[in-house]
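Enquirer: Line order of the protein sequences matches chains A and B. Letter 341 of the first sequence, counting from 1, is numbered 341 in our numbering, and no numbers are missing. Going from the second sequence to our numbering is simple: count from 1 and add 1000. We put the beta carbon where it would ideally sit given N, CA and C, even for glycine.
2 protein chains.
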Amino acid sequence: MTSEVYLKGQRAKAASYVLNIKTTCEKNDALLKIAEQLINDQDVLIAENLKDLASGKEKGMPPSTLDRIMLSKDRISAMADAIRLLVTLNDPVGTILERIDKENGLRIEKRMVPIGVIGMIYEARPNVTVDAATLSLKTGNAVILRGSSSAKFSNIALVASIHKALEKTSIPVDAVQLIEDTNRETAKELFHLKEYLDVLIPRGGKALIDLVVREASVPVLETGAGNCHIYIDQTADYIKAETICLNAKTQRPSVCNAAESLLIHPDWFCEHGSKLLNAMHDAGVTIVGDATVCQTVNFAQLATEEDYATEYLDLKISVKVVENVFEAIEHINQYGTNHSEAIITEDPLVADTFLNNVDAAAVYHNASTRFTDGFEFGYGAEIGISTQKLHARGPMGLPALTSTKYFIHGNGQIRQ
Amino acid sequence: MTSEVYLKGQRAKAASYVLNIKTTCEKNDALLKIAEQLINDQDVLIAENLKDLASGKEKGMPPSTLDRIMLSKDRISAMADAIRLLVTLNDPVGTILERIDKENGLRIEKRMVPIGVIGMIYEARPNVTVDAATLSLKTGNAVILRGSSSAKFSNIALVASIHKALEKTSIPVDAVQLIEDTNRETAKELFHLKEYLDVLIPRGGKALIDLVVREASVPVLETGAGNCHIYIDQTADYIKAETICLNAKTQRPSVCNAAESLLIHPDWFCEHGSKLLNAMHDAGVTIVGDATVCQTVNFAQLATEEDYATEYLDLKISVKVVENVFEAIEHINQYGTNHSEAIITEDPLVADTFLNNVDAAAVYHNASTRFTDGFEFGYGAEIGISTQKLHARGPMGLPALTSTKYFIHGNGQIRQ
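1) Spell out the partners DSSP gives A/H409 in its beta bridges.
2) Looking at the C-beta of A/P219, does it have a partner C-beta in chain B at a distance below 8 Å?
3) Name, going along the chain, the residues of the region 1195-1213 of chain B whose beta-carbon falls closer than 7 Å to a beta-carbon of chain A.
4) Write down every uninterrupted run of the beta strand (DSSP E) in the region 1160-1186 of chain B whose length is 3 residues or greater and which is fully enclosed by it, in chain order.
5) Can you name the residues of chain A whose CB is closer than 8 Å to the CB of B/G998?
6) Where does B/T1095 fall in DSSP's three states?
7) Let me see if you follow: with CB-CB separation under 8 Å, is B/Y1017 close to chain A or not?
8) Against B/F1371, what residues of chain A qualify as contacts under a CB-to-CB distance less than 7 Å, listed in chain order?
9) I'd like to know if A/G336 contacts chain B, where contact means its C-beta is closer than 8 Å to some C-beta of that chain.
10) Going straight from the alpha carbon of B/I1383 to that of A/H365, what length do you get?
11) How would you list, in chain order, the residues of chain A whose beta-carbon sits under 9 Å from the beta-carbon of B/Q1251?
12) Give the C-beta separation of B/A1367 and B/R1393 to the nearest angstrom, bearing in mind that I take them to be a contact with Cβ-Cβ under 8 Å.
13) Below 8 Å on the Cβ atoms is my guess for B/T1296 versus B/L1277; work out the distance and round it to an integer in Å.
14) From B/E1185 to B/G1060, what does the alpha carbon distance come to, in whole angstroms?
15) I'd like to know if the region 1239-1256 of chain B and the region 1323-1331 of chain B are in contact, where contact means that at least 3 CB-CB pairs between them fall below 8 Å.
16) Out of curiosity, what's the CA-to-CA distance linking B/H1265 and B/Y1335?
17) Hey, B/L1197 and B/G1147 are a contact pair by Cβ (cut 8 Å); roughly how many whole angstroms apart?
18) Helix, strand or coil for A/K316, going by three-state DSSP, please let me know.
19) Please confirm whether B/I1121 has its beta-carbon closer than 8 Å to some beta-carbon of chain A.
20) Which same chain residues, not among the five before or five after A/C294, have their C-beta less than 8 Å away from its C-beta?
21) Within this structure, are the beta carbons of B/L1121 and B/P1219 separated by less than 8 Å?
22) Give the residues of chain A in contact with B/A1124, contact being defined as C-beta atoms less than 8 Å apart.
23) Can you tell which of A/L401, A/D373, A/Q388 has its C-alpha closest to the C-alpha of B/R1415?
24) Here's a check: name, in chain order, each residue in its chain whose Cβ is nearer than 7 Å to the Cβ of B/T1286, leaving out the five neighbours to either side.
25) Per the contact definition of three or more C-beta pairs closer than 8 Å, is the region 138-157 of chain A in contact with the region 60-75 of chain A?
26) Less than 8 Å between the C-beta atoms of B/G1105 and B/G1410, yes or no?
27) For chain A, check one thing: does any of its Cβ atoms lie closer than 8 Å to the Cβ of B/V1363?
28) Which runs of the beta strand (DSSP E) spanning at least 3 residues fall entirely within the region 1025-1075 of chain B, listed in chain order?
29) Leaving aside the five residues before and after B/E1222 along the sequence, list all residues of the same chain whose C-beta is less than 7 Å from its C-beta, in chain order.
30) Below 8 Å, can you find three or more Cβ-Cβ pairs linking the region 84-92 of chain A to the region 157-166 of chain A?
31) DSSP state of B/G1394, grouped into three classes?
32) Under 8 Å between C-beta atoms, does B/T1387 make it to chain A?
33) With a Cβ-Cβ cutoff of 8 Å, do B/T1304 and B/G1226 count as a contact?
34) Within 8 Å, do at least three Cβ pairs link the region 346-356 of chain A to the region 1347-1357 of chain B?
35) Confirm, please, whether the CB-CB distance from A/A35 to A/I83 is below 8 Å.
36) In the DSSP assignment, find the unbroken beta strand (DSSP E) run with B/Y1231 in it and report its ends.
Okay, structure coming up:
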């Protein structure tokens, strides 16, 4: 184990014991100072970011990746605003979830407490550095950040700025640790840093997430891929169907809650299929579909098995005519990624069947899958969207960064 | 992958989709039929169990292990009683945890739902077979059981009995799967059965749990070791301290919530140390301690570093004199296993410092660590005691076997 990962892990753990008992006031004060410091340091941040951008261009990175790395005055200002919003959010730490008064006089309280040390492993986006540090801080957790080499200079500058702010507060500077060595080895060391790390959260592409899930012995919070479906039932209202399909596919195709696959009841398809597919086509969406779809419109290509399992993250969609809601459910449970799934129908019973039987974090009746988002749900913050079933599922707000602890007060009670 | 693990995984997954929407009534009906069937089949169960016992004796298993494997009419009757108690417990599935009404008319509900398919990997005790199957069923989950070879005949007979009961109900027989091949390979296959398994819960010794945590790519619920401490502060009441120490160490030394280490404030030790250590000694407890302890009583042996990290599960305890509550906290956070930790003190501020800063699932003020238990907490059932921080921590009742799902009802809403 390199000394960097181990030493920073050790320091983060020690800091977590101090952070653990800080008041909401102390944590909020530190957050405001971080927001202020980022604005004060914006020239340095942008200068360091330019080094990353130059190196990315040299390596031939695509413009979309360079855009994800880029920091501007506006973006830094948006980061500061997000931190100020975070200050206004309720601090979940200390919330009493259960209170049990036993006949023998024992008083048992289950309270929300910080998790301890959170590991964050992510790609490109330097804004994740600030997000992860401030969300962890708000919930009393220390954090170990492991960004990618493509944003190395930006991340170092951002964490330096955060440290400068923390020096002026009662929060230990060691609460935020950045692993500067972006060699693959340091990532692997984090996978197994059970001594100091309580959870590891990967943020990035499917390859990164799969690697972390497969390799890590530290518990992982999987935030993941969204192969989201819309099923249009027999009784679906055409306007609702078209509006929702266009929104879910085209409003922001690169995100995990965008729709990737359309399943349609044969009767509805007969009446409205051609119109809907033309509307999608006109909106610039490439369509692959089953035989029926290809017979109906000439711009569709035949879908393969792989298409049904693919999260395009692009203006492309697979379309399939299915027998009924049951075949739709079966298809989704086979090909879906348990993220967000929608049904368009005017029949509430069919809607219930769909919502109850589709296995996903968020299930929608007559609404766009694009709403699966911590801010849209009103949480005011989002650590990611969990596609696993333990601990947290769906958009994760601040409570997802807490654990629980039983506090038991007695007066000499013993077990009989 | 052997066909057994894969095929049974597939069947359990299919059954989980059926179970998922069963009513509490249907599930309770099945549970009562299982209780009845176990009683009806008791002669067969005992006959099959005798084969395991005979094979265990032949292999020279210690009497304590044979006792854990043994089934008797009384024990089968106790199993049936536990199932009837389970029927009376609240079914968490369907509970609405949050309701969010958005300005755009979207209604978002966060509900408790079954996890899906639970994998249980355990040693010896055939009662875990029945426990795991019925707790999973109550919460709408399918289960895959992988017991040890030492209880093979018992487990096969128990599951046959459960299947016979399920055949008379609306619950699919496939909801309870037993991996009959107890070769190491089948355990390893379960570790990676991500396609069908939503969680894996190991129940058994430290070696088994460590192996599962290290190897599994399926999410694990770690139920674990308890190196539990009692810290006796300066102001501790002698009677409370002695009563609690004797209870926590000697009432049932073989369990995870028994105390394994005693930390004592020097002033208190000066006044009461010899008396307490003699009382422990008289109760048959072997004492290892630091130099001060060894100078005070002649029956103590010098403790090693390893002693402080050892869960004896026996009538043995390590004793150390520590400077104050802060050294006690530091020692516990270094050597403890985050299970149950107690302080004996009459000073509420010192108690608060201890409870807030010790990192454990359950922290006690003036009470025995032996209370960390699902039944003692009033949950009526216990899947295990979690020593991890995600999903569930401490005694796990039925809610620990659920996940959540967002149900969103709209009327054509799209994201702006």
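Expert: Answer, in terms of the structure:
1) Here residue 409 of chain A corresponds to residue number 409 of the first sequence, with the count starting at 1. A/H409 pairs with A/R107, B/H1365.
2) As a first step, residue 219 of chain A must be located in the first sequence, where it is residue number 219. Closer than 8 Å to some Cβ of chain B, the Cβ of A/P219 qualifies, so yes.
3) D1198, V1199, V1213
4) 1176-1178
5) Within the shown structure, residues of chain B are numbered from 1001 to 1416, placing residue 998 of chain B beyond reach of any answer.
6) Here the question's residue 1095 of chain B lines up with position 95 in the second sequence. Coil, per DSSP.
7) The residue you call residue 1017 of chain B lines up with position 17 of the second sequence. Closer than 8 Å to some Cβ of chain A, the Cβ of B/Y1017 qualifies, so yes.
8) The sequence position of residue 1371 of chain B within the second sequence is 371, counting from 1. Per Cβ cutoff of 7 Å: L106, I408, R415.
9) Indexing the first sequence from 1 puts residue 336 of chain A at position 336. For A/G336, the answer is no, since every Cβ of chain B falls outside 8 Å of its Cβ.
10) Residue mapping note: residue 1383 of chain B aligns to position 383 of the second sequence, counting from 1. Residue mapping note: residue 365 of chain A aligns to position 365 of the first sequence, counting from 1. Rounded to the nearest angstrom, the two C-alpha atoms are 35 Å apart.
11) Within the second sequence, numbered from 1, the residue matching residue 1251 of chain B stands at position 251. In chain order: I414, R415, Q416.
12) Walking along the second sequence from the start, residue 1367 of chain B turns up at place 367. Walking along the second sequence from the start, residue 1393 of chain B turns up at place 393. Incorrect: roughly 18 Å between the Cβ atoms, too far for contact.
13) In the second sequence, residue 1296 of chain B corresponds to position 296, counting from 1. In the second sequence, residue 1277 of chain B corresponds to position 277, counting from 1. Going by Cβ atoms, the distance from B/T1296 to B/L1277 rounds to 7 Å, so yes, they are a contact pair.
14) Counting from one through the second sequence, the residue named residue 1185 of chain B turns up at place 185. Counting from one through the second sequence, the residue named residue 1060 of chain B turns up at place 60. Approximately 24 Å, taken between the alpha carbons.
15) no
16) For the purposes of this step, residue 1265 of chain B is identified with residue 265 of the second sequence, where counting begins at 1. For the purposes of this step, residue 1335 of chain B is identified with residue 335 of the second sequence, where counting begins at 1. Those two C-alpha atoms are separated by around 18 Å.
17) Counting from one through the second sequence, the residue named residue 1197 of chain B turns up at place 197. Counting from one through the second sequence, the residue named residue 1147 of chain B turns up at place 147. Contact doesn't hold; Cβ gap of about 16 Å is too wide.
18) Here residue 316 of chain A corresponds to residue number 316 of the first sequence, with the count starting at 1. Looking at A/K316 - three-state DSSP - the assignment turns out to be strand.
19) Here residue 1121 of chain B refers to the residue found at position 121 of the second sequence. Not one chain A Cβ lies under 8 Å of B/I1121.
20) As a working mapping, residue 294 of chain A is identified with position 294 in the first sequence. Contacts found: A300, Q301, L302.
21) Sequence index remark: in the second sequence, residue 1121 of chain B carries index 121 (1-based). Sequence index remark: in the second sequence, residue 1219 of chain B carries index 219 (1-based). Residue 1121 of chain B is actually Ile in this sequence, not Leu. Going by C-beta atoms, B/I1121 is not nearer than 8 Å to B/P1219.
22) In the second sequence, residue 1124 of chain B corresponds to position 124, counting from 1. Ordered by position in chain A, no residue passes the 8 Å Cβ test against B/A1124, which lies about 24 Å from the chain.
23) Mapped onto the second sequence, residue 1415 of chain B falls at position 415. Cα-wise, what sits closest to B/R1415 is A/D373.
24) The residue given as residue 1286 of chain B occupies position 286 in the second sequence. Cβ within range, chain order: L1315, K1316.
25) yes
26) Position 105 of the second sequence, counting from 1, holds the residue named residue 1105 of chain B. Position 410 of the second sequence, counting from 1, holds the residue named residue 1410 of chain B. Yes, they are a contact pair.
27) By 1-based counting over the second sequence, the position of residue 1363 of chain B is 363. True, the Cβ-Cβ gap to chain A drops below 8 Å.
28) none
29) Position 222 of the second sequence, counting from 1, holds the residue named residue 1222 of chain B. So the qualifying residues of the chain are I1209, V1213, S1386, T1387, Q1388.
30) no
31) By one-based count along the second sequence, residue 1394 of chain B stands at place 394. Three-state result, B/G1394: strand.
32) The residue given as residue 1387 of chain B occupies position 387 in the second sequence. With 8 Å as the cut-off, B/T1387 does not count as an interface residue toward chain A.
33) Counting from one through the second sequence, the residue named residue 1304 of chain B turns up at place 304. Counting from one through the second sequence, the residue named residue 1226 of chain B turns up at place 226. No. Outside cutoff.
34) no
35) For this step, residue 83 of chain A is matched to residue 83 along the first sequence. For this step, residue 35 of chain A is matched to residue 35 along the first sequence. Yes, these two residues count as a Cβ contact at 8 Å.
36) Position 231 of the second sequence holds residue 1231 of chain B. Run containing B/Y1231: 1228-1232, per the beta strand (DSSP E) assignment.
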